[in-house]
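Plus 625 on top of the position in the sequence shown (first one is 1) and you've got the working numbering. For glycine and all other residues, C-beta sits at the position ideal for the given N, C-alpha and C. Notes for the one structure printed next.
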Amino acid sequence: MRTIGLEEHFVTEELAGYGAGTATIAEPHVWAEMSRRLLDLTGARLERMDAAGLDVQVLSLNSPGLQAEPDAATAVSRATAVNDLLAATIEAHPTRFAGFAALPLQDPQAAAKELERSVTQLGLRGALVNAHTQGRYLDDPELRVVWEYAAGLDVPLYLHPANGVDAADVLSGHPELIGPMWSWGTDTASHALRLIFSGVFDDFPEAKLLLGHMGEALPFVLWRLDSRWDFHAHHGIELARGRPSEYLRHNLYITTSGVCSAAPLLCSLLALGSDHILFGTDYPFEEMDVATEFLRTAPISEADRAKIAHGNAERLLRL
Numbered sequence: 626m627r628t629i630g631l632e633e634h635f636v637t638e639e640l641a642g643y644g645a646g647t648a649t650i651a652e653p654h655v656w657a658e659m660s661r662r663l664l665d666l667t668g669a670r671l672e673r674m675d676a677a678g679l680d681v682q683v684l685s686l687n688s689p690g691l692q693a694e695p696d697a698a699t700a701v702s703r704a705t706a707v708n709d710l711l712a713a714t715i716e717a718h719p720t721r722f723a724g725f726a727a728l729p730l731q732d733p734q735a736a737a738k739e740l741e742r743s744v745t746q747l748g749l750r751g752a753l754v755n756a757h758t759q760g761r762y763l764d765d766p767e768l769r770v771v772w773e774y775a776a777g778l779d780v781p782l783y784l785h786p787a788n789g790v791d792a793a794d795v796l797s798g799h800p801e802l803i804g805p806m807w808s809w810g811t812d813t814a815s816h817a818l819r820l821i822f823s824g825v826f827d828d829f830p831e832a833k834l835l836l837g838h839m840g841e842a843l844p845f846v847l848w849r850l851d852s853r854w855d856f857h858a859h860h861g862i863e864l865a866r867g868r869p870s871e872y873l874r875h876n877l878y879i880t881t882s883g884v885c886s887a888a889p890l891l892c893s894l895l896a897l898g899s900d901h902i903l904f905g906t907d908y909p910f911e912e913m914d915v916a917t918e919f920l921r922t923a924p925i926s927e928a929d930r931a932k933i934a935h936g937n938a939e940r941l942l943r944l
């Protein structure tokens with residue numbers, strides 16, 4: 626069975642410094658190993674893919690990536706360079722790699738044009754955005770142009786976590802809760818909900834949003850989102866589709882990255898349907914062989930397994 630992973634990270638020497646904030650979350654020896662693996666695009670990575678039975682990685686720049694760059698012009702030039710490098714890597718290994726572009730969202734018009742160039746000229750399959758860009762989220766009106774281009778090109782935007790602008794007061798005194806163990810998931814789920822309530826998916830009904838980590842827990846709260854939307858004051862907001870879950874079932878696609886557990890997978894299948902779930906390993910932060918073994922042995926139908934392993938990625942990304 627062909628297996629395609631959609632959340633597969635890398636970094637370059639030039640851009641590695643952007644990950645300094647993430648480095649503070651991990652144990653030092655763990656981060657040193659992760660950094661070594663991130664910088665290795667084709668050596669041990671391919672060996673690990675072969676050993677795990679992972680046929681294709683859709684590569685993307687590691688968090689926080691270009692979103693951490695404060696200067697717009699620098700972000701634009703570095704996006705061009707890293708996307709060119711990614712395209713060259715894919716060209717050298719066309720059966721093993723595909724890629725998501727990095728976007729300089731500090732300059733929305735330039736980001737839209739870079740998405741277009743990356744898809745139409747470089748053959749990349751969409752873009753991955755690491756959380757906010759200097760405090761600006763993807764529902765910002767100035768970023769509608771990026772959604773316009775993504776919808777027009779029929780490619781997804783993958784929203785990946787990173788450190789937030791600030792930390793919620795409830796986390797004060799508990800730094801262990803800041804990062805991928807907890808706060809990144811709640812931040813990213815909230816970011817996705819902003820897109821619904823700000824009208825992004827009403828403006829672009831066929832836009833496609835990808836979330837990793839089994840949907841950052843959103844598949845588990847669809848009923849309550851709808852119930853409380855009926856209860857809450859709407860503050861002048863009305864949804865064309867009526868309820869939040871309708872957008873999550875229509876515009877949202879999720880990957881299994883970083884969640885190798887049957888219970889959340891079964892819940893996600895019931896909540897979103899098998900056409901909206903794709904495979905990912907979250908390499909190098911999780912082990913490829915653990916993820917592929919989970920996919921092979923999960924208590925799901927063979928038809929659903931094939932969709933998650935490769936069919937949905939082939940359709941969504943035209944692989």
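Problem - Same chain, Cβ closer than 8 Å to residue 726, neighbours up to 5 away in sequence not counted - result: Listed in chain order, the non-local C-beta contacts of residue 726 below 8 Å within the same chain comprise 704, 708, 711, 739, 740, 743, 744, 747, 749, 751, 752, 753, local neighbours out to five positions each way being set aside.
Practice task
Please check the pair residue 787 and residue 692, which I expect to be a contact at CB under 8 Å, by giving their CB distance rounded to whole angstroms.
Solution key: 6 Å
Problem - Buried/exposed call for residue 856, threshold 16 Cβ in 10 Å - result: exposed
Problem - Collapsed DSSP secondary structure at residue 630 in the structure displayed - result: strand
Practice task
In the DSSP assignment, find the alpha helix (DSSP H) that holds residue 701 and state where it starts and stops.
Solution key: That run of the alpha helix (DSSP H) goes 697 to 717.
Handout entry: Span of the beta strand (DSSP E) around residue 901
Key = Going by DSSP, residue 901 is part of no beta strand (DSSP E) at all; its letter is neither H nor E.
Handout entry: Span of the alpha helix (DSSP H) around residue 875
Key = 869 to 875
Handout entry: Element boundaries [alpha helix (DSSP H), containing residue 816]
Key = Annotation: the continuous alpha helix (DSSP H) that includes residue 816 extends over 808 to 822.
Problem - Endpoints, the alpha helix (DSSP H) within which residue 654 is located - result: 653 to 664
Exercise for the section: Give me the Cα-Cα distance between residue 936 and residue 794, rounded to the nearest whole angstrom. Expected result: 42 Å
Exercise for the section: Check whether the Cβ atoms of residue 721 and residue 683 sit closer than 8 Å, and answer yes or no. Expected result: No; because the gap between Cβ atoms is not below 8 Å, this pair is not in contact.
Problem - Proximity to residue 762 [Cα-Cα], best of 808, 800, 796, 812 - result: 812
Handout entry: Bridge partners - residue 753, DSSP secondary structure assignment
Key = 783
Problem - Contacts around residue 884, its chain only, beta-carbon distance under 6 Å, and the 5 residues preceding and following it disregarded - result: 838, 839
Exercise for the section: Kindly indicate which residue of 911, 938, 940 has the alpha-carbon position closest to the one of residue 656. Expected result: Taking the Cα of residue 656 as reference, the smallest distance to any Cα among 911, 938, 940 is reached at 911.
Problem - Backbone CA spacing between residue 874 and residue 893 [nearest angstrom] - result: 10 Å
Practice task
Give the DSSP-derived three-state secondary structure of residue 745 in the structure shown.
Solution key: helix
Handout entry: Identity of the residue in 851, 772, 863 nearest residue 830 by Cα
Key = 772
Practice task
Could you check the C-alpha separation between residue 582 and residue 733 for me, to the nearest Å?
Solution key: Past the edges of the chain, shown from 626 to 944, lies residue 582, and the structure says nothing about it.
Practice task
State the beta-bridge partners of residue 797 as determined by DSSP.
Solution key: Beta-bridge pairing links residue 797 to no other residue.
Practice task
Taking residue 919 as part of the alpha helix (DSSP H), name the residues at either end of that continuous run.
Solution key: Counted as a single uninterrupted DSSP element, the alpha helix (DSSP H) harbouring residue 919 occupies residues 913 to 922.
Practice task
Would you kindly work out how many angstroms separate the C-alpha atoms of residue 792 and residue 860, rounded to a whole number?
Solution key: Going by C-alpha positions, residue 792 is about 25 Å away from residue 860.
Exercise for the section: Would you grab the beta carbon distance between residue 909 and residue 659 for me? Rounded to a whole angstrom, and I think it's under 8 Å. Expected result: So it is a contact: roughly 5 Å between Cβ atoms.
Problem - Per DSSP, cross-strand counterpart(s) of residue 762 - result: Residue 762 is not bridged by DSSP to any residue.
Exercise for the section: Answer yes if the region 840 to 850 comes into contact with the region 888 to 907, meaning at least three C-beta pairs across the two stretches below 8 Å, and no otherwise. Expected result: yes
Problem - Best match in 806, 777, 736, 871 for proximity to residue 822 [C-alpha to C-alpha] - result: 871
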